[in-house]
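Undergrad:
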Amino acid sequence: LYTTGLMTIPKDILEAARMDGANAVRRFWYVSLPMIRPFVFFAVTMTIIGNLQLFEEPFVLTRGTGGTGQSGLTISMYLYKVGWEWLEMGTASAISWLLFALIAACTMVQFFFFGKKGLGEQ
313 LYTTGLMTIP
323 KDILEAARMD
333 GANAVRRFWY
343 VSLPMIRPFV
353 FFAVTMTIIG
363 NLQLFEEPFV
373 LTRGTGGTGQ
383 SGLTISMYLY
393 KVGWEWLEMG
403 TASAISWLLF
413 ALIAACTMVQ
423 FFFFGKKGLG
433 EQ
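Quick note on numbering: the sequence shown equals residues 313 to 434 in my numbering.
1. Classify isoleucine 360 as helix, strand or coil using the three-state DSSP reduction.
2. Pick helix, strand or coil for glutamate 368, following the three-state DSSP scheme.
3. Give every residue of the same chain whose Cβ lies closer than 7 Å to the Cβ of methionine 389, excluding the five residues on either side of it in the sequence, and list them in chain order.
4. For threonine 316 versus glutamine 422, is the C-beta spacing smaller than 9 Å?
5. Please work out which residues of its chain come closer than 6 Å, Cβ to Cβ, to leucine 411, disregarding the five sequence neighbours upstream and downstream, and give them in chain order.
6. Count Cβ pairs between the segment 331 to 345 and the segment 397 to 408 that sit closer than 8 Å; are there 3 or more?
7. Of the choices Tyr314, Ala336, Leu326, Ile325, whose alpha-carbon is the least far from that of arginine 349?
8. In the structure shown, what three-state DSSP assignment does alanine 334 receive?
9. Over what stretch of residues does the alpha helix (DSSP H) that includes glycine 317 continue unbroken?
10. Would valine 337 be called buried (16 or more neighbouring beta carbons within 10 Å of its own) or exposed?
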């Protein structure tokens with residue numbers, strides 16, 4: 313994903329920065345990084361959402377128990393236990409809404425930090 317983002321940067325912009333005397337670090341920090349901001353935003357947001365919804369791997373590794381002292385229990389595993397093992401569907405529904413709100417809040421924080429600027433816009 314990052315390689316694709318770096319390949320979308322026009323070569324003439326990098327060449328102009330080099331001709332203006334910018335070294336490799338400055339070209340990356342002030343030219344390349346701002347132009348791949350949408351790619352970084354997408355990758356970070358999808359990683360956070362994926363981690364919050366993690367279910368299969370810990371479930372298989374801990375055999376559905378959550379591990380020693382519940383150390384491997386994720387939000388999704390807890391949601392599964394509440395809904396399907398304890399049959400408390402109302403509580404499971406509330407947990408799923410809280411998970412939705414948490415994901416939405418994390419996405420809004422990402423929008424705040426990354427902004428809507430992209431492709432070198434200031």
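Backbone N, C-alpha and C define an ideal beta-carbon position, used for all residues, glycine too.
TA: Short version:
1. helix
2. helix
3. Phe367, Pro370, Phe371, Gly378
4. no
5. Ile387
6. no
7. Tyr314
8. coil
9. 314 to 319
10. exposed
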